Amino acid sequence: MEKIITIPKKLAKEGELILIPRKKYEELLERQKVTEEDILHWTKEAKIFKKMGKLPKLKSWKYLEK
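Quick look at the structure:
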């Protein structure tokens, strides 16, 4: 028989909830971390785009704020 869990509405008020094993959750968190290698890769891509004229000029930091 399967185990049934009831989730209170106040916990799910922000949207749907999912249940996953902790190991899978930790793997997802680990994949989201930005490494030095990622930054170096993005820098190389940005230089290529700039040479091609496809990198827009940043006029203000306000565009980056959310």
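Just so it is clear: in the sequence shown, position 21 is 23 by our numbering, and no numbers are missing. Just so it is clear, CB atoms sit at the ideal spot from N, CA and C, and this is done for glycine as well. In this text, all values refer to a predicted model and were calculated from it rather than measured experimentally.
- Between M54 and S62, the alpha-carbon positions lie close to 22 Å from each other.
- By the criterion of a C-beta distance shorter than 6 Å, E4 is surrounded by no residue of its chain, once the five residues flanking it on both sides are discounted.
- Under the three-state reduction of DSSP output, A14 falls in the coil class, being neither helix nor strand.
- Taking the CA atoms as reference points, L57 sits about 9 Å from K49.
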